[in-house]
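In my numbering, the protein residues as written are 9 to 574.
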């Protein structure tokens with residue numbers, strides 16, 4: 009049922025009844041349908057009360073309307089002043105001082121209710137008419153979710169709905185599931201960062217056991233423990249259509265992963281499992297590995313942040329090796345892996361033709377990098393490689409760079425937080441300049457490149473590469489000298505794709521800032537869309553130079569807008 013937003017005109021009461029709602033172009037409103045039954049009114053009131061609360065930092069803020077209370081008070085007192093004298097006037101004034109705040113609060117509450125109902129109507133309209141509805145961080149709560157859930161019933165338009173970050177608990181999830189039993193279109197349901205808990209997981213498991221439409225379900229960050237994981241596992245034994253299940257950042261321990269592993273041994277539809285940042289451990293990894301030997305469909309496993317250690321990683325890699333290549337993406341980040349674990353991963357890389365490999369924030373060192381590089385040599389299927397934060401020096405990075413030479417499918421390379429130094433920068437530059445023709449994202453932050461040879465190497469890389477869109481060089485000790493080298497590249501490069509350049513935390517002062525500013529003015533058509541130079545030592549003088557350069561880019565490059573972060 010549509011309710012007019014505050015400030016919109018309505019037709020007279022004599023207009024014919026209709027439920028067509030608001031004409032946004034004309035700013036008109038047709039007559040509102042008859043009032044709902046008392047039960048519906050109560051439901052709507054609870055939803056409005058939930059949505060009109062001031063949202064969290066993730067959600068939008070409602071406008072807090074104010075009434076000119078002092079003006080009202082003085083106006084009323086002025087009128088009464090003609091009729092009342094002496095003590096009578098004082099008595100009335102005291103009465104008004106006591107009652108006017110209550111009147112104002114009541115009027116403000118009514119205004120807030122109208123605005124909240126307007127927001128609810130907008131959300132319902134998006135669910136009904138958009139193929140992909142983003143209702144994340146709207147401060148819905150249980151009552152708001154229950155109210156707008158009605159828009160999903162018998163809905164053949166919306167194919168993906170995002171309800172993340174809304175504080176939705178058991179009651180809201182129950183309402184959503186009830187509405188979705190009458191929906192034949194929704195294929196993606198995101199409920200991450202809510203408050204489902206084990207009870208909400210039970211409701212979802214019952215619903216998904218009989219649902220044949222939803223292909224992707226995201227329940228990350230919902231405080232789901234072993235009990236909830238076991239209930240979802242029972243659902244996986246029955247459901248034959250779910251392809252992606254995300255359970256990151258929950259509280260799943262050994263019992264929960266054991267139940268999920270048992271289900272995976274029977275399930276034949278799930279291709280992607282995200283279970284990062286839980287409490288699986290090496291023992292849980294071993295149980296999962298045994299199940300994967302019987303599973304032929306899972307090709308993507310994200311299991312970072314689970315304290316697997318070398319033993320857990322080796323168990324999983326043994327299972328993947330036995331499957332002879334049926335794995336496309338592995339995320340083993342932040343799992344206390346050393347060179348020993350890297351050797352097991354290298355064997356999977358050698359046999360599987362991975363498209364994505366993430367071993368970020370481990371400790372494989374140069375020895376582990378050499379093993380990974382050996383497996384990558386001649387393999388051109390890899391698209392994303394993240395080996396950041398692994399204590400890899402020049403030797404290991406040089407080996408990886410040479411192994412990647414000729415891979416035109418690689419799009420993302422994350423090397424940050426490795427002490428690769430000048431020698432490593434030179435080795436990378438020699439490969440990236442001409443050979444990695446598909447690379448769009450390069451992250452080399454906190455790699456100790458230095459202001460001299462390392463900065464020169466990166467400048468050459470930027471000057472000749474024509475595909476990079478995002479380059480991260482934070483915390484590399486570039487200083488003014490390094491900034492000058494990069495300015496030369498910005499002045500002469502021919503890369504039309506460059507969109508983001510991050511030079512934060514590099515001890516750059518005004519001299520370096522002015523060099524970059526002059527380079528931007530000299531090549532405005534190819535200036536990056538976003539330039540970050542925050543956390544440096546740039547004073548007002550350098551800031552003005554950069555700001556003027558951004559303005560000139562806008563004027564000289566046909567309105568090309570730059571975002572400058574100082």
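All C-beta atoms, glycine included, are put in the ideal place defined by N, C-alpha and C.
Neighbourhood of residue 285 by C-beta distance below 6 angstroms, restricted to the same chain and skipping five residues each side: Contacts found: 256, 257 and 313.
Using C-beta distances below 7 angstroms, list every residue in its chain close to residue 306, excluding the 5 sequence neighbours before and after it, in chain order. 272, 278, 279, 281 and 300
Quick one: Cα of residue 567 to Cα of residue 532, how far? 10 angstroms
So who's on the other strand from residue 252, going by DSSP bridges? 224 and 280.
May I ask you to verify whether the stretch 410-430 touches the stretch 485-504, counting CB pairs closer than 8 angstroms and requiring at least 3? The stretch 410-430 makes no contact with the stretch 485-504; the number of CB pairs closer than 8 angstroms stays below 3.
Report all residues from its chain with a CB closer than 8 angstroms to the CB of residue 371; omit the five preceding and five following residues, and keep chain order. 344, 345, 346, 398 and 399
Rounded to the nearest angstrom, what separates residue 411 and residue 439 at their Cα positions? Taking the straight line from one Cα to the other gives about 10 angstroms.
Contacting residues, own chain, Cβ-Cβ under 6 angstroms from residue 157 (five flanking each side not counted): 183, 184 and 187
Who are the near neighbours of residue 137 in its chain, counting only those whose CB is closer than 7 angstroms to its CB and skipping five residues on each side? 165
Cβ-Cβ distance between residue 295 and residue 276 below 8 angstroms: no
Counting only the same chain and skipping the five closest in sequence on each side, list residues whose C-beta sits under 7 angstroms from that of residue 557. 525, 528 and 529
Leaving aside the five residues before and after residue 289 along the sequence, list all residues of the same chain whose C-beta is less than 6 angstroms from its C-beta, in chain order. 315
How long is the line joining the alpha carbons of residue 498 and residue 130, rounded to whole angstroms? 45 angstroms
What first and last residue would you give for the beta strand (DSSP E) that runs through residue 451? Looking at the DSSP string, the run of the beta strand (DSSP E) that includes residue 451 is 449-451.
Using the Cβ count rule (16 or more neighbours within 10 Å means buried), how would you classify residue 406? buried
By how many angstroms is the C-alpha of residue 536 removed from the C-alpha of residue 474? 13 angstroms
When we look at the beta-carbon of residue 408 and count the other beta-carbons within 10 Å, is it buried (16 or more) or exposed? It is buried - the Cβ of residue 408 has at least 16 other Cβ atoms within 10 Å.
Relative to the C-alpha of residue 139, which candidate in 170, 128 and 155 has its C-alpha closest? 170
Less than 8 angstroms between the CB atoms is what I'm expecting for residue 493 and residue 540, so what's the real figure, rounded? Not quite, the Cβ-Cβ distance comes to about 18 angstroms (not below 8 angstroms), so this is no contact.
For residue 503, I'd like the list of residues in its chain whose CB is within less than 8 angstroms of its CB, leaving aside the five on either flank, ordered along the chain. 470, 473, 474, 475, 476 and 534
For residue 422, which of helix, strand or coil comes out of DSSP? strand
Shortest alpha-carbon distance to residue 206 belongs to which of 197, 155 and 238? For residue 206, the nearest C-alpha among the options comes from 238.
Separation of residue 155 from residue 228, as counted between CA atoms: Those two C-alpha atoms are separated by around 23 angstroms.
When the Cα of residue 283 is compared with those of 562, 308 and 515, which residue comes out closest? 308
Do you know how far the Cα of residue 233 is from the Cα of residue 569? Computed Cα separation, rounded: 47 angstroms.
Cβ-Cβ distance between residue 197 and residue 178 below 8 angstroms: no
Could you give the first and the last residue of the continuous alpha helix (DSSP H) run that contains residue 326? Taken as a continuous stretch (DSSP letters only), the alpha helix (DSSP H) holding residue 326 covers 317-330.
Using CA atoms only, rank isn't needed, just tell me which of 263, 251, 249 and 250 is closest to residue 236. Taking only the C-alpha atoms, the option nearest residue 236 is 263.
Just verifying my parser: in three-state terms, what is the DSSP assignment at residue 555? Three-state DSSP puts residue 555 in a helix.
Measure the alpha-carbon distance for residue 261 versus residue 332 and round it to whole angstroms. Taking C-alpha positions only, residue 261 is separated from residue 332 by approximately 29 angstroms.
Would you please state the rounded distance, in angstroms, between the beta carbons of residue 241 and residue 268? I believe it to be under 8 angstroms. 5 angstroms
Beta carbon of residue 211 nearer than 8 angstroms to that of residue 176: It is not a contact, given that the beta carbons lie outside the stated cut-off.
Sort 424, 168, 444 and 552 by Cα distance to residue 510 and report the nearest one. 424
Between the alpha carbons of residue 195 and residue 223, how many angstroms are there, rounded? Going by the C-alpha atoms only, they are around 5 angstroms apart.
Relative to the C-alpha of residue 144, which residue among 162, 123, 174 and 125 is closest? 174
Rounded to the nearest angstrom, what separates residue 432 and residue 350 at their Cα positions? 20 angstroms
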